[in-house]
Amino acid sequence: MTTTASALVETLEELGVEYVFGYPGGRVIELLDHLPESDVDLVRPRDEREASVMAETYGRLTGRPGVLAGQGPWIGSLGMIGQMEARLSSSPMVVLTEASERGEYSTLAPYQQARGDYGGFSLPSILDGVSKEWWFPRTPVETLRSTQLAFKHAVAARPGPTAIILDGDAITDDVPDDPTPTAWDAVSQTRTWDAAPSASDVADAVDALEGAERPVIVAGNGVHAAQAYDELAAVAEAYDCVVVTSYLGKSTYPETDDRAAGVMGSFGHEGANQVVSEADTLLVAGCRLNPMDTNWQAPEFIRPDEQMIVHADVDARNAGWVYPADVGLIGDAKESLAALADAGDASNDWAMERAAAAEEWFTAPECEDDSTPIKPQRAVKEIEAVVDEETIVTADSGNNRFWLLYYLQTPAVRTYFGSGGVGGMGWANPAAVSAALTTDKDVVAVAGDGGFSMTMNSVETAVEYGVAPTFVVLNDTSLGMVRQMQGEDGDIAGVEFHDTDFAKAAEAFGAVGTRATDPEAFAAALEDGKAADVPHVIDVRIDREEDMADTLASSFYESVGGLHE
Numbered sequence: 001m002t003t004t005a006s007a008l009v010e011t012l013e014e015l016g017v018e019y020v021f022g023y024p025g026g027r028v029i030e031l032l033d034h035l036p037e038s039d040v041d042l043v044r045p046r047d048e049r050e051a052s053v054m055a056e057t058y059g060r061l062t063g064r065p066g067v068l069a070g071q072g073p074w075i076g077s078l079g080m081i082g083q084m085e086a087r088l089s090s091s092p093m094v095v096l097t098e099a100s101e102r103g104e105y106s107t108l109a110p111y112q113q114a115r116g117d118y119g120g121f122s123l124p125s126i127l128d129g130v131s132k133e134w135w136f137p138r139t140p141v142e143t144l145r146s147t148q149l150a151f152k153h154a155v156a157a158r159p160g161p162t163a164i165i166l167d168g169d170a171i172t173d174d175v176p177d178d179p180t181p182t183a184w185d186a187v188s189q190t191r192t193w194d195a196a197p198s199a200s201d202v203a204d205a206v207d208a209l210e211g212a213e214r215p216v217i218v219a220g221n222g223v224h225a226a227q228a229y230d231e232l233a234a235v236a237e238a239y240d241c242v243v244v245t246s247y248l249g250k251s252t253y254p255e256t257d258d259r260a261a262g263v264m265g266s267f268g269h270e271g272a273n274q275v276v277s278e279a280d281t282l283l284v285a286g287c288r289l290n291p292m293d294t295n296w297q298a299p300e301f302i303r304p305d306e307q308m309i310v311h312a313d314v315d316a317r318n319a320g321w322v323y324p325a326d327v328g329l330i331g332d333a334k335e336s337l338a339a340l341a342d343a344g345d346a347s348n349d350w351a352m353e354r355a356a357a358a359e360e361w362f363t364a365p366e367c368e369d370d371s372t373p374i375k376p377q378r379a380v381k382e383i384e385a386v387v388d389e390e391t392i393v394t395a396d397s398g399n400n401r402f403w404l405l406y407y408l409q410t411p412a413v414r415t416y417f418g419s420g421g422v423g424g425m426g427w428a429n430p431a432a433v434s435a436a437l438t439t440d441k442d443v444v445a446v447a448g449d450g451g452f453s454m455t456m457n458s459v460e461t462a463v464e465y466g467v468a469p470t471f472v473v474l475n476d477t478s479l480g481m482v483r484q485m486q487g488e489d490g491d492i493a494g495v496e497f498h499d500t501d502f503a504k505a506a507e508a509f510g511a512v513g514t515r516a517t518d519p520e521a522f523a524a525a526l527e528d529g530k531a532a533d534v535p536h537v538i539d540v541r542i543d544r545e546e547d548m549a550d551t552l553a554s555s556f557y558e559s560v561g562g563l564h565e
């Protein structure tokens, strides 16, 4: 006979799971007890928050579910940041957790009870608010079948997190040899199929794009999720389109390409917003057009009564959700874009003329400034100098990601990923470690001192697991974005930090630490970090007087004021 825990590990092996990101605790220990005998590796960072982000990033980069494991109370609290990001960034994830129940004692509310009985708390209710689907199986066969379904639903249609709450008795029970109903083999049970748009909808979209004089593609995170990069490029060429991206869609298309026009929206480029406004036809691919992407629906921006809108999305609810669409292409972005590329053939002079100015949108005089402390714009340009097609940048929340969004011109697809589903601080560090573990690329994590402090234990995790991301701390000794919202100094409590030497902290973790106070030193430290086989932490002292909020506001108001008349 085989125990449920042993059979679960065999299931993970059959499904090709490489890593379980997690922390031992509760009845999950029963599962982890069998991992050393398998081909599945456990990656154990210092807490469940970091494990959850690492699992989310694995799913985002590979398209296969990242597996998060840990004790219920902490998966439902510390481990929620990665699950929320996975839900809102469409990253496939499977959570294996437990309710810390104690069998016959559960109705008496034992320590850490999370089954939902009186006296305890309800982990199912917590997971229900975030996961696509969750299961609480009570028998060995239910546990195996539910786990298979969790892997299936994590990638079916719009990807996201699913969860299994393991029962304390079932996980140690034996799996019956011939159960009814049958437990099918894992590969068969988890098989999925990609949806594709109908032929008539594709034909309507082709007509709209071929008839356009000023076609623009808005590429969103759905292109990342489907890894539809080649198909996106083929459509842009087939119909001679300008390509802009949403924030989460950044690096779905090389921003150095002749047709690229940058990032649109409230946090985007003035020129990209103008291009979208001037378009007569918009092909929206894998972007639901949330308020920040659409300049809070400024009436001069996207105008369904004047523009033809073709909306391609894997979820039928998203097509035409924010703006009425003329044509909906419901299906996987790779399938939809491939169908358009195969059927289309059009050309115009507008695309190249309009996108030609985009190079200037990624620069400013501050990008060449040699002063100290370092201008954040200059810091981004030094980062850009080490980013090639074999490099991934992970961007945290706060001012740092907007400096990157605005001034980092990505040279290839899949070179930039940011925390932008839920947008939690502290994402970039564990995301970088996960990216370094699961790809063969160089990785640069960029965070402010606030976000870096939240998850700087990730540096130690990188050391332990033998990977070497470069961690960049844009340090202004404050919560810069919130601080810059003040009318006068001291208006908002809690925005200032004492000066922390992150280079020394890095050395304590076993990494290399460097403090950079001028652009030349920062450039040298980046080159050293990229070439090294141990993690580097670069504590970059930036000019705290450079106001990102003013830059964004200026871009927003200038672009809205200069939009379609």
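The opening residue of the sequence shown carries number 1 in the UniProt record's numbering; numbering runs sequentially from there. For glycine and all other residues, C-beta sits at the position ideal for the given N, C-alpha and C.
Cα-Cα separation, residue i to residue j
| i | j | result |
| --- | --- | --- |
| T256 | A436 | 25 Å |
| A431 | E527 | 21 Å |
| D476 | T172 | 52 Å |
| D370 | A524 | 14 Å |
| E565 | E300 | Summary for E565: the model assigns pLDDT 40, below 50, so the residue's position carries little reliability, and this model does not support an answer. |
| M548 | D39 | 47 Å |
| G418 | A395 | 5 Å |
| P373 | D518 | 6 Å |
| A5 | I29 | 9 Å |
| D253 | A355 | Note that residue 253 is Tyr in the sequence shown here, rather than Asp. If you take the alpha carbons of Y253 and A355, they lie about 13 Å apart. |
| Q377 | V9 | 48 Å |
| V537 | T500 | 13 Å |
| D47 | G22 | 8 Å |
| Q112 | E101 | 7 Å |
| L337 | L232 | 6 Å |
| G120 | P24 | 21 Å |
| Q227 | V540 | 33 Å |
| D201 | L329 | 6 Å |
| W134 | S458 | 29 Å |
| S478 | G451 | 10 Å |
| Y19 | Q297 | 42 Å |
| E306 | D280 | 7 Å |
| M485 | F522 | 28 Å |
Closest residue to residue i among the options (Cα-Cα distance)
| i | options | result |
| --- | --- | --- |
| M292 | G63, G271, V275 and M264 | M264 |
| D326 | D204, A55, D489 and R158 | D204 |
| I383 | S397, Y406 and W361 | Y406 |
| R214 | S198, C241 and A236 | C241 |
| T342 | E278, D258, V216 and V235 | It should be pointed out that residue 342 corresponds to Asp in this sequence rather than to Thr. Of E278, D258, V216 and V235, the residue nearest in Cα terms is V235. |
| T192 | V155, A212 and R414 | V155 |
| D332 | D177, Q83 and P197 | P197 |
| G26 | L35, V43 and I165 | I165 |
| P304 | L329, A316, E278 and D315 | E278 |
| A351 | V275, P45, G487 and E488 | V275 |
| T147 | F497, L15 and R158 | L15 |
| M308 | G76, E210 and L474 | E210 |
| residue 586 | A364, W427, P324 and H498 | A query on residue 586 cannot be resolved here, the shown segment of the chain reaching from 1 to 565 and no further. |
| V534 | V512, D543 and A521 | V512 |
| A163 | T182, D177, T143 and A157 | T143 |
| G249 | P365, V223, V322 and N273 | V223 |
Beta-carbon proximity check, residue i vs residue j, cutoff 7 Å
| i | j | result |
| --- | --- | --- |
| G72 | S52 | no |
| V175 | T11 | no |
| A472 | I392 | Reading off the sequence shown, one finds Val at residue 472, where the question assumed Ala. Cβ distance not < 7 Å, so V472 and I392 don't count as in contact. |
| G59 | G66 | yes |
| K530 | V387 | no |
| K334 | E390 | no |
| E546 | K375 | yes |
| V310 | A208 | yes |
| E85 | G421 | yes |
| Y239 | A346 | yes |
| G424 | I81 | yes |
| A358 | A260 | yes |
| A170 | P140 | yes |
Element boundaries [alpha helix (DSSP H), containing residue i]
| i | result |
| --- | --- |
| D342 | A333 to A343 |
| P430 | A428 to T438 |
| W193 | Taken as a continuous stretch (DSSP letters only), W193 belongs to no alpha helix (DSSP H), as it is neither H nor E. |
| G72 | G72 to I75 |
| G79 | From DSSP, G79 is part of no alpha helix (DSSP H); its letter is neither H nor E. |
Proximity test, Cβ basis, 7 Å: residue i and chain B
| i | result |
| --- | --- |
| W321 | Protein chain content of the structure displayed is limited to a single chain, and chain B is not contained in it. |
First through last residue of the beta strand (DSSP E) which encompasses residue i
| i | result |
| --- | --- |
| E133 | E133 to W135 |
| L42 | D41 to V43 |
Cβ contact check for the segment 456 to 473 and the segment 78 to 97: 3 or more pairs under 8 Å | no
Would you call the segment 216 to 226 and the segment 266 to 285 touching, i.e. three or more CB-CB distances under 8 Å?
-> Contact between the segment 216 to 226 and the segment 266 to 285 is present: 3 or more CB-CB pairs across the two stretches fall below 8 Å.
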